[in-house]
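K.L.:
Be aware that the sequence shown starts at 2, since it is given in our numbering, and climbs by one per residue. Every residue, glycine too, gets a C-beta built ideally from N, C-alpha and C. Model, not experiment: these values are computed from the prediction.
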Amino acid sequence: MSTIINRRQASAMLATAAWGMTIPARAAPPRRLLLRGADHLLTMTETPRAKTDLLVHQGRIEAIGPGLPAGDADVIDLSGHVLMPGFVDTHWHMWNTAARGLWRSAKGGFMPTMAAISPHFTSADVAIGVDLALAEAVNSGITTVHNWAHNVRSPAHADAEIAAMIRSGVRGRFAYGYAQDVGKDQPMDFDHLSTIARRPPSDLVSIGICARGPDRSAPSVWQAEWDVARRLGLPISTHMASDPKSAASGGIAALAAREGLGADVQLVHLTAASRADMDRVAQAGSPVSISPWTELEVGYGVPPIADMIAAGLLLGLSVDNMVLAGQADMFSVMRLSTDLARGLSRNPLLMEDMTALRWATIDGARSLGMGQQVGALAPGMRADIIAVRVDALNTAPAADLPSLLTHAARPDNVSLVLIDGVAHKRDGQLVRVDLPAIRAKASASIAKIRSAAAI
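#1: Taking a contact to mean a Cβ-Cβ separation below 8 Å, would you say residue 90 touches residue 38 in this structure?
#2: Under a Cβ-count criterion, where at least 16 other Cβ atoms within 10 Å of its own Cβ denotes burial, should residue 373 be classed as buried or exposed?
#3: Can you tell me whether residue 424 is helix, strand or coil according to DSSP?
#4: Measure the Cβ-Cβ separation of residue 423 and residue 82 and say whether it is below 8 Å.
#5: Rank 278, 168, 44, 162 by C-alpha distance to the C-alpha of residue 1 and give the top, closest one.
#6: Can you give the Cα-Cα distance for residue 80 and residue 55, rounded to whole angstroms?
#7: Let me confirm a value: residue 426 is counted as buried when at least 16 other C-beta atoms fall within 10 Å, else exposed. Which label applies?
#8: Can you tell which of 163, 128, 290 has the C-alpha that lies nearest to the C-alpha of residue 92?
#9: Nearest to residue 160 by alpha carbon, out of 124, 210, 385?
#10: Thinking C-beta only, is residue 387 closer than 8 Å to residue 418?
#11: Check whether the region 45 to 59 touches the region 108 to 128, counting contact only when three or more Cβ pairs, one atom from each stretch, lie closer than 8 Å.
#12: Applying the criterion that 16 or more other CB atoms from any shown protein chain within 10 Å of the CB defines a buried residue, is residue 430 buried or exposed?
#13: Grab me the residues of residue 448's own chain with a C-beta within less than 6 Å of its C-beta, minus the 5 sequence neighbours each way, in chain order.
#14: According to DSSP, is residue 93 helix, strand or coil?
#15: Please look up how many angstroms separate the CB atoms of residue 222 and residue 186, rounded, as I've assumed it's under 8 Å.
#16: In the DSSP assignment, the beta strand (DSSP E) including residue 289 goes from what residue to what residue?
#17: Quick one: give me the first and last residue of the alpha helix (DSSP H) that residue 227 is part of.
#18: Determine the closest residue to residue 260 out of 206, 43, 163, 231, with distance taken between C-alpha atoms.
#19: DSSP state of residue 141, grouped into three classes?
#20: What do you get for residue 42, buried or exposed, if any count of 16 or more other CB atoms within 10 angstroms of its CB means buried?
#21: Output the residue ranges of the beta strand (DSSP E) runs that lie fully inside the region 275 to 319 and measure 3 residues or longer, sorted by chain position.
#22: Of the choices 76, 227, 287, 137, whose alpha-carbon is the least far from that of residue 443?
#23: Let me make sure I understand the geometry here. Which of 213, 214, 212, 197 has the alpha-carbon closest to that of residue 206?
#24: Please determine, among 370, 408, 405, the residue with the shortest C-alpha to C-alpha distance to residue 315.
#25: Can you tell me whether residue 52 is helix, strand or coil according to DSSP?
#26: Under three-state DSSP, which class holds residue 63?
#27: Going by the CB atoms, is the gap between residue 32 and residue 74 shorter than 8 Å?
#28: Rounded to whole angstroms, what is the Cα-Cα separation between residue 148 and residue 400?
#29: When the Cα atoms are used, what is the spatial distance from residue 184 to residue 218?
#30: Three-state secondary structure (DSSP) at residue 136?
#31: Given residue 235, which residues of its chain have a CB within under 7 Å of its CB, disregarding the five upstream and five downstream residues?
#32: For the beta strand (DSSP E) that contains residue 38, what are its first and last residues?
#33: So what does DSSP say about residue 460, is it helix, strand or coil?
#34: Please list the segments of the beta strand (DSSP E) lying wholly inside the region 65 to 126, counting only runs of 3 or more residues, in order along the chain.
#35: Pick out whichever of 142, 168, 308, 126 has its Cα sitting closest to the Cα of residue 150.
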(Lines of atoms letter the chains of each structure in order from A and count residues from 1; the text may use other names and numbers.)
(Lines give C-alpha, C1' and ligand atoms only; values in the text may rest on other atoms or scores of the structure.)
Protein backbone atom coordinates (compact mmCIF):
# COMPACT_ATOMS: atom_id res chain seq x y z
CA MET A 1 0.00 0.00 0.00
CA SER A 2 1.45 3.39 -0.96
CA THR A 3 1.52 6.35 1.40
CA ILE A 4 1.26 9.96 0.27
CA ILE A 5 3.02 12.45 2.55
CA ASN A 6 2.19 16.12 2.18
CA ARG A 7 4.49 19.03 3.02
CA ARG A 8 3.10 19.50 6.52
CA GLN A 9 3.47 15.81 7.36
CA ALA A 10 7.02 15.75 6.04
CA SER A 11 7.94 18.82 8.09
CA ALA A 12 6.45 17.28 11.21
CA MET A 13 8.35 14.03 10.63
CA LEU A 14 11.64 15.92 10.27
CA ALA A 15 10.97 17.94 13.40
CA THR A 16 9.94 15.01 15.56
CA ALA A 17 12.96 13.02 14.39
CA ALA A 18 15.23 15.95 15.23
CA TRP A 19 13.94 16.02 18.81
CA GLY A 20 14.26 12.27 19.26
CA MET A 21 10.51 11.70 19.42
CA THR A 22 8.54 8.66 18.40
CA ILE A 23 6.55 9.67 15.33
CA PRO A 24 2.87 8.79 15.79
CA ALA A 25 0.75 7.46 12.97
CA ARG A 26 -0.61 10.38 10.99
CA ALA A 27 -4.22 10.63 9.93
CA ALA A 28 -5.05 11.39 6.33
CA PRO A 29 -5.16 15.11 5.53
CA PRO A 30 -8.55 16.43 6.67
CA ARG A 31 -11.19 17.31 4.12
CA ARG A 32 -12.63 20.78 4.00
CA LEU A 33 -14.36 21.72 7.21
CA LEU A 34 -17.39 24.00 7.13
CA LEU A 35 -18.30 25.79 10.35
CA ARG A 36 -21.97 26.46 9.68
CA GLY A 37 -24.31 29.12 10.99
CA ALA A 38 -22.49 30.76 13.88
CA ASP A 39 -24.73 33.33 15.54
CA HIS A 40 -21.81 35.76 15.59
CA LEU A 41 -18.33 35.94 14.07
CA LEU A 42 -15.55 38.15 15.43
CA THR A 43 -12.75 38.65 12.91
CA MET A 44 -10.93 41.18 15.18
CA THR A 45 -10.39 43.40 12.15
CA GLU A 46 -13.99 44.12 11.10
CA THR A 47 -17.41 44.76 12.58
CA PRO A 48 -18.83 41.53 14.08
CA ARG A 49 -20.90 39.52 11.62
CA ALA A 50 -24.13 37.61 12.25
CA LYS A 51 -25.19 34.16 10.99
CA THR A 52 -21.95 33.49 9.18
CA ASP A 53 -20.16 30.38 7.88
CA LEU A 54 -16.43 29.75 7.77
CA LEU A 55 -14.67 27.24 5.49
CA VAL A 56 -11.34 25.65 6.46
CA HIS A 57 -9.04 23.79 4.07
CA GLN A 58 -5.48 22.52 4.58
CA GLY A 59 -5.06 24.40 7.82
CA ARG A 60 -6.13 27.77 6.46
CA ILE A 61 -9.31 29.80 6.38
CA GLU A 62 -10.55 29.52 2.80
CA ALA A 63 -13.74 31.58 2.91
CA ILE A 64 -16.04 33.49 5.27
CA GLY A 65 -19.63 34.40 4.49
CA PRO A 66 -23.28 33.45 4.80
CA GLY A 67 -24.59 30.33 3.09
CA LEU A 68 -21.26 28.91 1.92
CA PRO A 69 -21.74 25.72 -0.15
CA ALA A 70 -20.71 22.60 1.76
CA GLY A 71 -19.54 20.55 -1.21
CA ASP A 72 -17.52 17.63 0.16
CA ALA A 73 -16.74 19.39 3.46
CA ASP A 74 -17.42 18.00 6.91
CA VAL A 75 -20.01 20.30 8.50
CA ILE A 76 -20.18 21.44 12.13
CA ASP A 77 -23.35 23.24 13.18
CA LEU A 78 -22.38 26.23 15.32
CA SER A 79 -25.75 27.82 15.96
CA GLY A 80 -25.73 29.27 19.45
CA HIS A 81 -22.02 30.12 19.21
CA VAL A 82 -19.65 32.97 18.48
CA LEU A 83 -16.71 32.11 16.23
CA MET A 84 -13.50 33.99 16.99
CA PRO A 85 -9.72 33.62 16.78
CA GLY A 86 -8.10 31.39 19.37
CA PHE A 87 -6.49 33.18 22.29
CA VAL A 88 -2.75 33.94 22.26
CA ASP A 89 -0.90 33.64 25.56
CA THR A 90 2.27 35.72 25.43
CA HIS A 91 4.24 34.46 28.47
CA TRP A 92 3.80 31.15 30.30
CA HIS A 93 6.21 29.20 32.50
CA MET A 94 4.89 25.77 31.59
CA TRP A 95 7.60 23.69 33.23
CA ASN A 96 6.23 24.14 36.77
CA THR A 97 2.55 23.47 36.02
CA ALA A 98 2.49 20.34 38.19
CA ALA A 99 3.23 22.62 41.17
CA ARG A 100 -0.18 24.26 40.77
CA GLY A 101 -1.01 26.29 43.87
CA LEU A 102 2.32 25.56 45.59
CA TRP A 103 3.18 29.22 46.05
CA ARG A 104 4.23 28.92 49.68
CA SER A 105 5.81 26.29 51.91
CA ALA A 106 7.94 25.94 55.02
CA LYS A 107 10.69 27.58 52.95
CA GLY A 108 8.66 30.78 52.61
CA GLY A 109 6.64 32.38 49.83
CA PHE A 110 6.72 31.99 46.07
CA MET A 111 10.39 32.77 45.40
CA PRO A 112 11.89 30.61 48.19
CA THR A 113 9.53 27.75 47.37
CA MET A 114 10.44 27.82 43.69
CA ALA A 115 14.13 27.99 44.62
CA ALA A 116 13.66 24.87 46.75
CA ILE A 117 11.85 22.75 44.17
CA SER A 118 13.33 23.88 40.83
CA PRO A 119 16.63 21.91 41.12
CA HIS A 120 14.65 18.67 41.44
CA PHE A 121 12.82 18.93 38.09
CA THR A 122 14.15 16.34 35.65
CA SER A 123 13.66 16.58 31.91
CA ALA A 124 10.69 14.22 32.29
CA ASP A 125 9.17 16.49 34.94
CA VAL A 126 9.32 19.64 32.82
CA ALA A 127 7.80 17.73 29.88
CA ILE A 128 4.92 16.63 32.10
CA GLY A 129 4.38 20.26 33.09
CA VAL A 130 4.21 21.26 29.43
CA ASP A 131 1.79 18.42 28.65
CA LEU A 132 -0.53 19.53 31.44
CA ALA A 133 -0.27 23.21 30.55
CA LEU A 134 -1.03 22.64 26.88
CA ALA A 135 -4.07 20.49 27.67
CA GLU A 136 -5.42 23.27 29.87
CA ALA A 137 -4.57 25.87 27.23
CA VAL A 138 -6.66 24.09 24.62
CA ASN A 139 -9.51 23.55 27.05
CA SER A 140 -9.78 27.30 27.67
CA GLY A 141 -9.43 28.32 24.02
CA ILE A 142 -5.74 29.26 24.00
CA THR A 143 -4.33 28.14 20.64
CA THR A 144 -0.93 29.88 20.65
CA VAL A 145 1.49 29.86 23.59
CA HIS A 146 4.83 31.43 24.48
CA ASN A 147 6.53 28.76 26.57
CA TRP A 148 8.93 30.77 28.75
CA ALA A 149 11.29 27.96 29.81
CA HIS A 150 13.29 29.44 32.66
CA ASN A 151 14.40 26.19 34.27
CA VAL A 152 16.52 24.73 31.46
CA ARG A 153 18.90 22.70 33.58
CA SER A 154 20.42 20.73 30.69
CA PRO A 155 20.03 20.28 26.94
CA ALA A 156 17.73 17.35 27.73
CA HIS A 157 15.37 19.69 29.60
CA ALA A 158 15.02 21.97 26.57
CA ASP A 159 14.64 19.06 24.18
CA ALA A 160 11.94 17.50 26.37
CA GLU A 161 9.87 20.69 26.47
CA ILE A 162 10.17 21.22 22.72
CA ALA A 163 9.20 17.60 22.07
CA ALA A 164 6.11 18.00 24.25
CA MET A 165 5.10 21.11 22.32
CA ILE A 166 5.55 19.46 18.93
CA ARG A 167 3.70 16.35 20.08
CA SER A 168 0.73 18.41 21.27
CA GLY A 169 -0.06 20.06 17.94
CA VAL A 170 -0.50 23.41 19.72
CA ARG A 171 1.04 26.46 18.07
CA GLY A 172 3.72 28.26 20.01
CA ARG A 173 7.19 29.56 20.64
CA PHE A 174 9.69 27.82 22.87
CA ALA A 175 11.75 30.50 24.62
CA TYR A 176 15.08 28.92 25.56
CA GLY A 177 16.19 30.00 29.02
CA TYR A 178 18.39 29.17 31.95
CA ALA A 179 18.34 27.17 35.18
CA GLN A 180 16.54 28.85 38.06
CA ASP A 181 19.64 28.71 40.28
CA VAL A 182 22.18 29.87 37.69
CA GLY A 183 24.47 32.69 38.81
CA LYS A 184 23.95 36.24 37.56
CA ASP A 185 27.32 36.05 35.83
CA GLN A 186 26.59 32.79 34.01
CA PRO A 187 25.01 32.85 30.53
CA MET A 188 22.59 30.32 29.14
CA ASP A 189 23.89 27.38 27.08
CA PHE A 190 24.77 29.15 23.82
CA ASP A 191 26.06 25.98 22.17
CA HIS A 192 22.82 24.07 22.62
CA LEU A 193 20.76 27.15 21.78
CA SER A 194 22.67 27.47 18.50
CA THR A 195 22.08 23.80 17.72
CA ILE A 196 18.35 24.19 18.33
CA ALA A 197 18.19 27.33 16.19
CA ARG A 198 19.72 25.44 13.26
CA ARG A 199 17.39 22.42 13.45
CA PRO A 200 14.41 22.20 11.09
CA PRO A 201 11.54 23.84 12.94
CA SER A 202 8.09 22.41 13.30
CA ASP A 203 5.39 24.17 11.32
CA LEU A 204 3.78 25.02 14.64
CA VAL A 205 6.70 25.51 17.06
CA SER A 206 9.35 28.22 16.70
CA ILE A 207 12.34 29.15 18.85
CA GLY A 208 13.22 32.27 20.83
CA ILE A 209 15.08 33.04 24.03
CA CYS A 210 13.97 34.15 27.48
CA ALA A 211 16.78 36.13 29.07
CA ARG A 212 17.19 37.51 32.58
CA GLY A 213 18.10 40.87 31.08
CA PRO A 214 19.54 43.90 32.88
CA ASP A 215 17.29 43.46 35.92
CA ARG A 216 18.45 39.94 36.76
CA SER A 217 21.90 39.33 35.26
CA ALA A 218 25.29 40.97 34.87
CA PRO A 219 25.83 43.32 31.91
CA SER A 220 28.32 40.92 30.33
CA VAL A 221 25.68 38.17 30.41
CA TRP A 222 22.64 39.98 29.07
CA GLN A 223 24.65 41.77 26.41
CA ALA A 224 26.08 38.45 25.21
CA GLU A 225 22.62 36.89 25.20
CA TRP A 226 21.24 39.76 23.11
CA ASP A 227 24.15 39.48 20.69
CA VAL A 228 23.76 35.71 20.27
CA ALA A 229 19.98 35.91 19.86
CA ARG A 230 20.21 38.60 17.21
CA ARG A 231 22.99 36.76 15.37
CA LEU A 232 20.75 33.69 15.28
CA GLY A 233 17.69 35.74 14.32
CA LEU A 234 15.79 34.75 17.45
CA PRO A 235 13.21 36.90 19.27
CA ILE A 236 14.04 37.86 22.85
CA SER A 237 11.83 38.10 25.93
CA THR A 238 12.79 39.33 29.39
CA HIS A 239 11.19 40.28 32.71
CA MET A 240 11.62 44.02 33.28
CA ALA A 241 10.64 46.56 35.95
CA SER A 242 8.64 43.95 37.82
CA ASP A 243 9.02 45.73 41.17
CA PRO A 244 10.20 49.16 42.36
CA LYS A 245 13.78 48.00 43.02
CA SER A 246 14.12 46.56 39.52
CA ALA A 247 12.51 49.60 37.94
CA ALA A 248 14.90 51.94 39.76
CA SER A 249 17.97 50.06 38.50
CA GLY A 250 17.71 51.67 35.07
CA GLY A 251 17.46 48.48 33.05
CA ILE A 252 15.09 49.83 30.42
CA ALA A 253 17.29 52.87 29.85
CA ALA A 254 20.31 50.55 29.57
CA LEU A 255 18.54 48.49 26.93
CA ALA A 256 17.53 51.61 25.02
CA ALA A 257 21.09 52.96 25.13
CA ARG A 258 22.44 49.74 23.60
CA GLU A 259 19.66 49.46 20.99
CA GLY A 260 18.41 46.48 22.95
CA LEU A 261 14.75 47.33 22.47
CA GLY A 262 12.67 46.79 19.35
CA ALA A 263 9.95 44.66 17.84
CA ASP A 264 12.07 41.56 18.46
CA VAL A 265 12.34 42.21 22.22
CA GLN A 266 9.28 41.54 24.36
CA LEU A 267 9.27 42.97 27.88
CA VAL A 268 7.28 41.15 30.56
CA HIS A 269 5.41 42.81 33.45
CA LEU A 270 6.61 46.49 33.61
CA THR A 271 4.49 46.61 36.78
CA ALA A 272 6.67 49.31 38.37
CA ALA A 273 7.88 51.03 35.20
CA SER A 274 7.87 54.81 35.09
CA ARG A 275 5.97 56.64 32.40
CA ALA A 276 9.32 57.73 30.94
CA ASP A 277 10.38 54.10 30.62
CA MET A 278 7.04 53.17 29.07
CA ASP A 279 7.57 55.93 26.51
CA ARG A 280 11.03 54.52 25.72
CA VAL A 281 9.54 51.09 25.18
CA ALA A 282 6.71 52.40 23.01
CA GLN A 283 9.04 54.52 20.89
CA ALA A 284 11.31 51.52 20.26
CA GLY A 285 8.37 49.28 19.37
CA SER A 286 8.97 46.58 21.98
CA PRO A 287 5.80 44.65 22.81
CA VAL A 288 4.79 44.12 26.43
CA SER A 289 3.21 41.11 28.13
CA ILE A 290 1.20 41.60 31.31
CA SER A 291 -0.14 38.96 33.70
CA PRO A 292 -2.40 40.85 36.12
CA TRP A 293 -3.41 37.85 38.24
CA THR A 294 0.14 36.81 39.08
CA GLU A 295 1.47 40.36 39.33
CA LEU A 296 -1.02 40.91 42.12
CA GLU A 297 -0.47 37.53 43.76
CA VAL A 298 3.33 37.62 43.85
CA GLY A 299 3.31 41.13 45.29
CA TYR A 300 4.70 43.07 42.35
CA GLY A 301 1.78 45.44 42.66
CA VAL A 302 -1.14 46.59 40.55
CA PRO A 303 -0.31 46.62 36.83
CA PRO A 304 -0.51 50.24 35.57
CA ILE A 305 -2.77 49.38 32.66
CA ALA A 306 -4.15 52.89 32.19
CA ASP A 307 -0.62 54.30 31.86
CA MET A 308 0.31 51.52 29.44
CA ILE A 309 -2.68 52.38 27.27
CA ALA A 310 -1.79 56.08 27.39
CA ALA A 311 1.80 55.31 26.38
CA GLY A 312 0.57 53.41 23.32
CA LEU A 313 2.26 50.12 24.20
CA LEU A 314 1.52 47.00 22.16
CA LEU A 315 0.10 44.71 24.86
CA GLY A 316 -0.47 40.98 25.09
CA LEU A 317 -1.92 38.96 27.95
CA SER A 318 -0.43 36.14 29.99
CA VAL A 319 -1.52 33.52 32.50
CA ASP A 320 2.16 33.38 33.57
CA ASN A 321 2.23 30.23 35.70
CA MET A 322 -0.16 27.87 37.42
CA VAL A 323 1.71 28.03 40.74
CA LEU A 324 0.24 31.49 41.29
CA ALA A 325 -2.59 31.85 38.77
CA GLY A 326 -4.09 28.44 39.50
CA GLN A 327 -5.81 28.17 36.14
CA ALA A 328 -5.20 29.07 32.51
CA ASP A 329 -8.32 31.17 32.02
CA MET A 330 -7.89 33.93 29.45
CA PHE A 331 -11.47 35.06 30.03
CA SER A 332 -10.63 35.95 33.63
CA VAL A 333 -7.38 37.64 32.56
CA MET A 334 -9.36 39.87 30.18
CA ARG A 335 -11.91 40.60 32.88
CA LEU A 336 -9.30 41.58 35.46
CA SER A 337 -7.43 43.73 32.95
CA THR A 338 -10.48 45.79 32.01
CA ASP A 339 -11.69 46.13 35.58
CA LEU A 340 -8.30 47.23 36.93
CA ALA A 341 -8.00 49.87 34.20
CA ARG A 342 -11.47 51.21 34.91
CA GLY A 343 -11.30 51.03 38.68
CA LEU A 344 -7.88 52.58 39.16
CA SER A 345 -8.66 55.41 36.73
CA ARG A 346 -12.16 55.87 38.21
CA ASN A 347 -13.31 55.98 34.60
CA PRO A 348 -15.55 53.11 33.46
CA LEU A 349 -15.18 54.25 29.86
CA LEU A 350 -11.38 54.28 29.85
CA MET A 351 -11.04 50.81 28.34
CA GLU A 352 -13.37 49.05 25.93
CA ASP A 353 -14.01 45.33 26.30
CA MET A 354 -12.93 44.96 22.68
CA THR A 355 -9.51 46.26 23.67
CA ALA A 356 -9.03 43.32 26.03
CA LEU A 357 -10.20 40.95 23.30
CA ARG A 358 -7.61 42.43 20.96
CA TRP A 359 -4.87 41.97 23.55
CA ALA A 360 -5.91 38.32 23.92
CA THR A 361 -5.94 37.69 20.15
CA ILE A 362 -4.55 39.88 17.37
CA ASP A 363 -2.32 42.12 19.51
CA GLY A 364 -0.95 39.09 21.34
CA ALA A 365 -0.15 37.51 17.99
CA ARG A 366 1.50 40.69 16.76
CA SER A 367 3.56 40.92 19.93
CA LEU A 368 4.97 37.46 19.13
CA GLY A 369 5.57 38.33 15.49
CA MET A 370 2.74 36.03 14.38
CA GLY A 371 0.16 38.61 13.38
CA GLN A 372 0.25 37.60 9.72
CA GLN A 373 -0.69 34.02 10.61
CA VAL A 374 -3.03 34.03 13.59
CA GLY A 375 -5.00 36.27 15.93
CA ALA A 376 -7.69 37.23 13.41
CA LEU A 377 -10.14 35.49 11.09
CA ALA A 378 -9.65 36.20 7.39
CA PRO A 379 -9.16 34.14 4.24
CA GLY A 380 -5.55 32.99 4.07
CA MET A 381 -4.95 33.12 7.83
CA ARG A 382 -4.13 29.90 9.66
CA ALA A 383 -7.25 28.25 11.03
CA ASP A 384 -6.71 28.75 14.77
CA ILE A 385 -10.35 29.18 15.73
CA ILE A 386 -12.56 28.75 18.77
CA ALA A 387 -16.32 28.58 19.15
CA VAL A 388 -17.81 29.90 22.39
CA ARG A 389 -21.39 29.18 23.42
CA VAL A 390 -23.60 32.26 23.67
CA ASP A 391 -26.72 30.27 24.59
CA ALA A 392 -25.48 28.89 27.93
CA LEU A 393 -27.02 29.90 31.24
CA ASN A 394 -24.12 32.27 31.96
CA THR A 395 -23.83 33.71 28.42
CA ALA A 396 -27.39 34.26 27.21
CA PRO A 397 -28.68 36.53 25.89
CA ALA A 398 -25.79 37.99 23.92
CA ALA A 399 -26.80 41.62 24.31
CA ASP A 400 -23.23 42.92 24.04
CA LEU A 401 -20.79 40.47 22.51
CA PRO A 402 -17.45 41.94 23.70
CA SER A 403 -18.76 42.32 27.26
CA LEU A 404 -20.14 38.79 27.19
CA LEU A 405 -16.75 37.38 26.22
CA THR A 406 -14.74 39.39 28.73
CA HIS A 407 -17.13 39.30 31.69
CA ALA A 408 -19.46 36.31 31.35
CA ALA A 409 -17.82 33.51 29.37
CA ARG A 410 -15.70 30.77 30.94
CA PRO A 411 -13.47 27.98 29.60
CA ASP A 412 -16.34 25.50 29.86
CA ASN A 413 -18.25 27.61 27.32
CA VAL A 414 -15.58 26.84 24.69
CA SER A 415 -17.04 23.96 22.71
CA LEU A 416 -14.73 23.85 19.67
CA VAL A 417 -11.00 24.51 19.29
CA LEU A 418 -9.19 24.25 15.96
CA ILE A 419 -5.43 24.67 15.64
CA ASP A 420 -4.16 24.79 12.07
CA GLY A 421 -7.52 23.37 11.04
CA VAL A 422 -7.25 20.33 13.33
CA ALA A 423 -9.86 19.82 16.06
CA HIS A 424 -8.39 19.69 19.56
CA LYS A 425 -11.66 20.22 21.41
CA ARG A 426 -15.08 19.29 20.06
CA ASP A 427 -18.49 19.30 21.70
CA GLY A 428 -16.78 20.68 24.80
CA GLN A 429 -14.39 17.72 25.14
CA LEU A 430 -10.64 17.48 24.53
CA VAL A 431 -10.07 14.97 21.74
CA ARG A 432 -6.28 14.67 21.38
CA VAL A 433 -5.02 14.07 24.92
CA ASP A 434 -5.25 11.32 27.54
CA LEU A 435 -6.26 13.42 30.54
CA PRO A 436 -6.22 10.61 33.13
CA ALA A 437 -2.66 9.71 32.11
CA ILE A 438 -1.50 13.34 32.21
CA ARG A 439 -3.06 13.89 35.64
CA ALA A 440 -1.49 10.72 37.02
CA LYS A 441 1.97 11.63 35.71
CA ALA A 442 1.70 15.20 37.02
CA SER A 443 0.62 14.00 40.47
CA ALA A 444 3.50 11.53 40.67
CA SER A 445 5.94 14.18 39.43
CA ILE A 446 5.11 16.82 42.02
CA ALA A 447 4.97 14.26 44.84
CA LYS A 448 8.50 13.13 43.96
CA ILE A 449 9.74 16.71 43.71
CA ARG A 450 8.22 17.75 47.03
CA SER A 451 9.79 14.76 48.72
CA ALA A 452 13.20 15.56 47.25
CA ALA A 453 12.91 19.22 48.28
CA ALA A 454 11.58 18.30 51.74
CA ILE A 455 8.58 20.60 51.51
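P.N.:
This is what the structure gives:
#1: Taking the sequence shown and counting its residues from 1, the one referred to as residue 90 is at position 89. Taking the sequence shown and counting its residues from 1, the one referred to as residue 38 is at position 37. For the 8 Å CB-CB criterion, residue 90 and residue 38 do not form a contact.
#2: In the sequence shown, counting from the first residue as 1, residue 373 sits at position 372. Classification of residue 373: exposed, given that the 10 Å Cβ count is below 16.
#3: Taking the first residue of the sequence shown as 1, we reach residue 424 at position 423. In this structure, residue 424 counts as strand in the three-state DSSP scheme.
#4: To locate residue 423, count along the sequence shown from 1; it is residue 422. To locate residue 82, count along the sequence shown from 1; it is residue 81. Here residue 423 is not near residue 82, since their CB atoms are 8 Å or more apart.
#5: For the chain, the structure presents residues 2 to 456; residue 1 sits outside this window and is missing.
#6: For the purposes of this step, residue 80 is taken as residue 79 along the sequence shown, with counting starting at 1. For the purposes of this step, residue 55 is taken as residue 54 along the sequence shown, with counting starting at 1. Residue 80 and residue 55: Cα-Cα distance of roughly 13 Å.
#7: By one-based count along the sequence shown, residue 426 stands at place 425. So residue 426 ends up on the buried side.
#8: Translated into positions along the sequence shown, residue 92 becomes position 91. Put simply, of 163, 128, 290 the residue whose alpha carbon is nearest the alpha carbon of residue 92 is 290.
#9: Here the question's residue 160 lines up with position 159 in the sequence shown. Out of 124, 210, 385, the CA that lies nearest to the CA of residue 160 is found in 124.
#10: As a first step, residue 418 must be located in the sequence shown, where it is residue number 417. As a first step, residue 387 must be located in the sequence shown, where it is residue number 386. For the pair residue 418 and residue 387, the CB atoms are nearer than the 8 Å cut-off.
#11: Verdict: no, contact absent.
#12: Residue mapping note: residue 430 aligns to position 429 of the sequence shown, counting from 1. By the neighbour-count rule (16 or more Cβ atoms within 10 Å), residue 430 is not buried but exposed.
#13: Residue numbering aside, residue 448 sits at position 447 when the sequence shown is read from its first letter. The answer is none, since no qualifying residue turns up.
#14: Along the sequence shown, read from residue 1 onward, the residue named residue 93 stands at position 92. DSSP places residue 93 within a strand segment (E or B) once states are collapsed to three.
#15: Position 221 of the sequence shown, counted from the start, is the residue given in the question as residue 222. Position 185 of the sequence shown, counted from the start, is the residue given in the question as residue 186. The beta-carbon distance between residue 222 and residue 186, rounded to whole angstroms, is 6 Å. This is short enough to meet the 8 Å contact definition.
#16: Taking the first residue of the sequence shown as 1, we reach residue 289 at position 288. Where residue 289 is concerned, the enclosing beta strand (DSSP E) stretches over 289 to 291.
#17: Position 226 of the sequence shown, counted from the first residue, corresponds to residue 227. Taken as a continuous stretch (DSSP letters only), the alpha helix (DSSP H) holding residue 227 covers 220 to 233.
#18: As a working mapping, residue 260 is identified with position 259 in the sequence shown. Taking only the C-alpha atoms, the option nearest residue 260 is 231.
#19: Counting from 1 along the sequence shown, the entry for residue 141 is found at position 140. Note: residue 141 maps to coil in three-state DSSP.
#20: By 1-based counting over the sequence shown, the position of residue 42 is 41. The residue is buried, with at least 16 neighbouring Cβ atoms inside 10 Å.
#21: Counting only runs of at least 3 residues, the region 275 to 319 fully encloses the following beta strand (DSSP E) elements, listed from N- to C-terminal order: 289 to 291, 316 to 318.
#22: What you label residue 443 is simply residue 442 of the sequence shown in a count that begins at 1. Out of 76, 227, 287, 137, 137 has the C-alpha closest to the C-alpha of residue 443.
#23: As a position in the sequence shown, residue 206 is number 205, starting the count at 1. Nearest of 213, 214, 212, 197 to residue 206, Cα basis: 197.
#24: Within the sequence shown, residue 315 is the residue found at index 314, counting from 1. Looking at the Cα atoms, 370 is the closest of the given residues.
#25: Residue 52 sits at position 51 when you count from the first residue of the sequence shown. Three-state result, residue 52: strand.
#26: The sequence position of residue 63 within the sequence shown is 62, counting from 1. The answer is strand: DSSP assigns residue 63 an E or B state.
#27: Here residue 74 corresponds to residue number 73 of the sequence shown, with the count starting at 1. Here residue 32 corresponds to residue number 31 of the sequence shown, with the count starting at 1. Residue 32 sits close to residue 74, with the two beta carbons spaced by under 8 Å.
#28: Within the sequence shown, the letter at position 147 stands for residue 148. Within the sequence shown, the letter at position 399 stands for residue 400. Taking the straight line joining both Cα atoms gives about 36 Å.
#29: Position 183 of the sequence shown, counted from the first residue, corresponds to residue 184. Position 217 of the sequence shown, counted from the first residue, corresponds to residue 218. Approximately 8 Å, taken between the alpha carbons.
#30: Here residue 136 corresponds to residue number 135 of the sequence shown, with the count starting at 1. Looking at residue 136 - three-state DSSP - the assignment turns out to be helix.
#31: As a first step, residue 235 is located in the sequence shown; it is residue number 234 there, counting from the start. The beta carbon of residue 235 is closer than 7 Å to those of 198, 208, 209, 210 in its chain, skipping five residues each way along the sequence.
#32: By one-based count along the sequence shown, residue 38 stands at place 37. 34 to 42 is the span of the beta strand (DSSP E), which, as asked, contains residue 38.
#33: Because residue 460 is not part of the residues shown, which for the chain are 2 to 456, the question remains open.
#34: Whole beta strand (DSSP E) segments, 3+ residues: 75 to 78, 82 to 86.
#35: Position 149 of the sequence shown, counted from the first residue, corresponds to residue 150. Measuring C-alpha to C-alpha distances from residue 150 to each of 142, 168, 308, 126 identifies 126 as the nearest.
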